[in-house]
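A.B. asks: Counting from 9, one number per residue, gives the positions in the sequence shown under this note's numbering.
From the three backbone atoms N, C-alpha and C, an ideal C-beta is built for every residue, glycine too.
For clarity, every value in this text was computed on a predicted model and none was experimentally measured.
Here it is: the structure, laid out below.
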Amino acid sequence: MPEDHIIRLRNHSPSGEKRGNTSWVQCGSCDGWFHATEDIVSRGTVKLHCNHCHTEFLPGQARKIVLA
Ligand SMILES: [Zn+2]
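If you want it as structure tokens, here you go:
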């Protein structure tokens, strides 16, 4: 899966004390943002559910993904 639409925000927390496990996903249909776990995003085979327009799509079809 191409990952050029995935943005990683991991520029600090060297000790890894609370590894970020939250991702932001931008819906390809309505451009709304919602949360998803990084586990689901990185697996790539589980459909995401947009809170705004209720579209379901795979992570590879998201407009943008931010891993925080
Ligand atoms: Zn949507």
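With a 10 Å radius around its C-beta and 16 neighbouring C-beta atoms as the bar for buried, classify Cys-61 as buried or exposed.
C.D. replies: The residue given as residue 61 occupies position 53 in the sequence shown. Cys-61 should be labelled exposed.
A.B. asks: Considering only C-alpha positions, which residue in the set Ile-14, Ile-48 and Trp-41 is nearest to Asn-29?
C.D. replies: Against the sequence shown, residue 29 aligns to sequence position 21. Measuring from the Cα of Asn-29, the nearest candidate turns out to be Ile-48.
A.B. asks: Between Leu-17, Thr-45, Arg-16 and Val-54, which has its C-alpha nearest Gln-69's C-alpha?
C.D. replies: Locating residue 69 in the sequence shown gives position 61, where the first residue counts as 1. For the residues Leu-17, Thr-45, Arg-16 and Val-54, the minimum Cα distance to Gln-69 belongs to Val-54.
A.B. asks: What does a CB cutoff of less than 8 Å around His-43 pick up in its chain, not counting 5 residues either side in sequence?
C.D. replies: Your numbering for residue 43 matches position 35 in the sequence shown. Residues of the same chain with a CB within less than 8 Å of the CB of His-43, apart from the 5 flanking positions on each side, are Thr-30, Ser-31, Trp-32 and Val-33 in chain order.
A.B. asks: Since Ser-31 sits in a beta bridge, which residues does DSSP pair it with?
C.D. replies: In the sequence shown, residue 31 corresponds to position 23, counting from 1. DSSP, once it has assigned bridges, lists Ala-44 and Leu-75 as partnering Ser-31.
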